[in-house]
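*Asks:*
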Amino acid sequence: MPTKVFIGRDCLKQEEECLEQLGKKAIIVTGKTSGRKSGALGDVVEIMQRRGIDYCIFDKVENNPSIENVMEGGAFAREEKADFVIGIGGGSPLDAAKAIAVLAVNDMDAEGLYSCNYDKVPIPIAAIPTTAGTGSEVTPTSVLTYRAVESKKSFTTEWVFPKYAFLDATYTMNLPKEVTVNTAIDALSHAIEGYLSLKSSITTDYIALESIRIFGECIDNLLLDKMDFDIRQKLLYSSMLAGIVIAHTGTTIVHSMGYSLTYFKDVPHGRANALLLPEYLRFNYCVADKKIDRILQELNMKNIDDFENLINELVKNDKIYTRDEIEKFAGIAIKARNVINNPRKVTLEDEIKILENSLCKA
Ligand code: NAP
Ligand code: FE
């Protein structure tokens, strides 16, 4: 994992000279509000000015950024002749930063971007997460909303591993409760899916279990909404560890099925995963019972029913979906690349069943 990670309060200011090494002009990529609300944008601008580094700001990143959205950012980066990117935000701005790093020096369409075959080496990236969930600051993946496939589609290339990541929970202190919970479960989902993935290894297993264990220590605080700096820093660390895991293993079917919920129903990414996790564990239990028992043990839970109760306490599941919708979601999700990583072989019918059990009234 080639990203150099700095962790802790004020780590950005303490290590600010790193940014100078990345280039002469930065494009700062952030969401409409997250850069400002987190305080990270103000800190970065201050550093740019203090160090005399030229910069421009692209603060139009949408949630679940679309191809069109990153194309706009890419054109802006080319126009401004930026030679490095600073991504500030949740997974959406961080993933957009990766696409913009490619497009800053390669004027290409969506298929070109997804090909990962670029004429010029993407410009370097520094990542400052303001949510504790996606781990995008340590992954070589960018997930984009792509209308052509009626879903989200990712590209993965070593070139977009951020060079530096700065993990300071100060920037997550203002997160609303719902975003805190959703993103925390996204991280948990990465650790669980990575741990159960056919691509897992003893190294990623070790890291995944540590991530799950730390999430376990935060459960009471999440339930009670008692989120101080230390708990938020733990969640940020746990999310980064889970990011390292999926950088190696990829995700499995929870993520690809969740993409349909986000694409068609605007369900936030982490919440979409949360709704599917209990049934995913039940589905895989017959081939991965030892590993699933270990996950439950790290979370201090007796069985999958306990786990489901926790998820239901953390996120609302109104079970409003129809059989027709479920079939459409599954039809798209079964084509995703990560299906083959799942420990148990998955068919279209299996995905329909998992979605139905998770999302439809009994
Ligand atoms: P997000 O879409 O980046 O942000 C969710 C919401 O939280 C936005 O409204 C955002 O505001 C707000 N927000 C962010 N930081 C804040 C702060 N500190 N204070 C107040 N509000 C804040 O959510 P996310 O769950 O972190 O990222 C989801 C995206 O990441 C999805 O597209 C998902 O597919 C992707 N993802 C990527 C990877 C990977 O490996 N690359 C892994 C998992 C998920 P703004 O709109 O103003 O930004
Ligand atoms: Fe995710």
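Numbered by the numbering used here, the letters in the sequence shown go through residues 552 to 913 in order.
For each residue, glycine too, the CB sits at the ideal point set by N, CA and C.
How many angstroms separate the CA atom of Val636 from the CA atom of Ala881?
*Replies:* C-alpha separation (whole angstroms): 36 Å.
*Asks:* Which same chain residues, not among the five before or five after Asn824, have their C-beta less than 7 Å away from its C-beta?
*Replies:* These residues qualify, in order along the chain: Ile736, Asp737, Ser740, Val805, His806, Gly809.
*Asks:* Within this structure, are the beta carbons of Ile758 and Leu792 separated by less than 8 Å?
*Replies:* Contact: yes.
*Asks:* Is His799 near the ligand NAP, judged by its Cβ being under 7 Å from some heavy atom?
*Replies:* No, Cβ of His799 sits at least 7 Å from all heavy atoms of the ligand NAP.
*Asks:* Closest to Tyr606 by CA distance: which of Val580, Ala591, Val621, Ser589 is it?
*Replies:* It is Val580 whose Cα lies nearest to the Cα of Tyr606.
*Asks:* Is the beta carbon of Asp561 less than 8 Å from the beta carbon of Gly586?
*Replies:* No. Outside cutoff.
*Asks:* Less than 8 Å between the C-beta atoms of Asn835 and Arg895, yes or no?
*Replies:* Yes, Cβ-Cβ distance for Asn835 and Arg895 is below 8 Å.
*Asks:* Since Lys714 and Lys555 should fall inside the 8 Å C-beta cutoff, what is the C-beta to C-beta distance between them, to a whole number of angstroms?
*Replies:* That belief holds up - the Cβ atoms of Lys714 and Lys555 are roughly 7 Å apart, short of 8 Å.
*Asks:* Just confirm the distance between the C-beta atoms of Ile905 and Ile846, as a whole number of angstroms; I'd bet it's less than 8 Å.
*Replies:* In fact, because the Cβ distance is near 17 Å, the residues do not count as touching under 8 Å.
*Asks:* Any idea if Pro680 is buried or exposed, counting beta-carbon neighbours within 10 angstroms, 16 or more meaning buried?
*Replies:* Counting Cβ neighbours within 10 Å, Pro680 comes out buried, since at least 16 surround it.
*Asks:* Count the other C-beta atoms from every protein chain shown that fall within 10 angstroms of the C-beta of Ser909, then say buried if there are 16 or more, exposed otherwise.
*Replies:* Result: buried.
*Asks:* Just how far apart, CA to CA, sit Lys589 and Thr723?
*Replies:* Per the sequence shown, the amino acid found at residue 589 is Ser instead of Lys. Taking the straight line joining both Cα atoms gives about 6 Å.
*Asks:* Given Asn772, which residues of its chain have a CB within under 7 Å of its CB, disregarding the five upstream and five downstream residues?
*Replies:* Closer than 7 Å at the Cβ level, and outside the excluded window around Asn772, lie Met778, Ile782.
*Asks:* Looking at the secondary structure, which residues open and close the beta strand (DSSP E) in which Pro680 lies?
*Replies:* Segment 676-680, the beta strand (DSSP E) holding Pro680.
*Asks:* Using 8 Å as the cut-off, can you tell me whether the stretch 623-630 makes contact with the stretch 590-606, which would need three or more C-beta pairs spanning the two stretches below that distance?
*Replies:* No, they do not touch.
*Asks:* Using only the heavy atoms of the ligand NAP, determine whether one of them is closer than 7 Å to the beta carbon of Ser589.
*Replies:* Yes - the ligand NAP has a heavy atom lying nearer than 7 Å to the Cβ of Ser589.
*Asks:* Per the DSSP calculation, Phe557 is bridged to which residue(s)?
*Replies:* In DSSP, Phe557 forms a bridge with Phe717.
*Asks:* Under DSSP, the beta strand (DSSP E) around Ser607 begins and ends at which residues?
*Replies:* Checking the sequence shown, residue 607 turns out to be Cys, not Ser. Start and end: 605-612.
*Asks:* Starting from Lys777, trace the alpha helix (DSSP H) both ways and give me its first and last residue.
*Replies:* First-last for Lys777: undefined, no H or E at that position.
*Asks:* Sorry if obvious, but does the Cβ on Tyr715 come closer than 7 Å to a heavy atom of the ligand NAP?
*Replies:* Answer for Tyr715: no, Cβ out of range of the ligand NAP.
*Asks:* Do Gly794 and Thr685 have their C-beta atoms closer together than 8 Å?
*Replies:* In this structure, Thr685 lies closer than 8 Å to Gly794 by Cβ.
*Asks:* Let me check one thing: in DSSP terms, what residues is Asn706 bridge-paired to?
*Replies:* The question names Asn, but residue 706 in the sequence shown is Phe. In DSSP, Phe706 forms a bridge with Ser693.
*Asks:* Using the DSSP secondary-structure output, state which residues sit across from Val577 in a beta bridge.
*Replies:* Strictly speaking, residue 577 in this sequence is Ala, with Val absent from that position. Tyr606, Phe635, per the DSSP bridge assignment.
*Asks:* With a cut-off of 8 Å on the beta carbons, I'd call Ala798 and Met552 a contact; round off their distance for me.
*Replies:* Their Cβ separation, rounded to whole angstroms, is 6 Å, which keeps Ala798 and Met552 in contact under 8 Å.
*Asks:* Taking 7 Å as the cut-off, is the C-beta of Pro673 nearer than that to any heavy atom in the ligand NAP?
*Replies:* Because no heavy atom of the ligand NAP lies under 7 Å away, the Cβ of Pro673 does not count as near it: no.
*Asks:* Let me know if Leu869 comes out buried or exposed under the rule of 16 or more other beta-carbons within 10 Å of its beta-carbon.
*Replies:* Looking at the sequence shown, residue 869 is not Leu but Asp. Classification for Asp869: exposed.
*Asks:* Using the Cα positions of Thr584 and Ser643, report the straight-line distance between them to the nearest angstrom.
*Replies:* Rounded to the nearest angstrom, the two C-alpha atoms are 12 Å apart.
*Asks:* Going by C-alpha to C-alpha distance, which of Gly663, Leu645, Glu859 sits closest to Thr692?
*Replies:* Taking only the C-alpha atoms, the option nearest Thr692 is Leu645.
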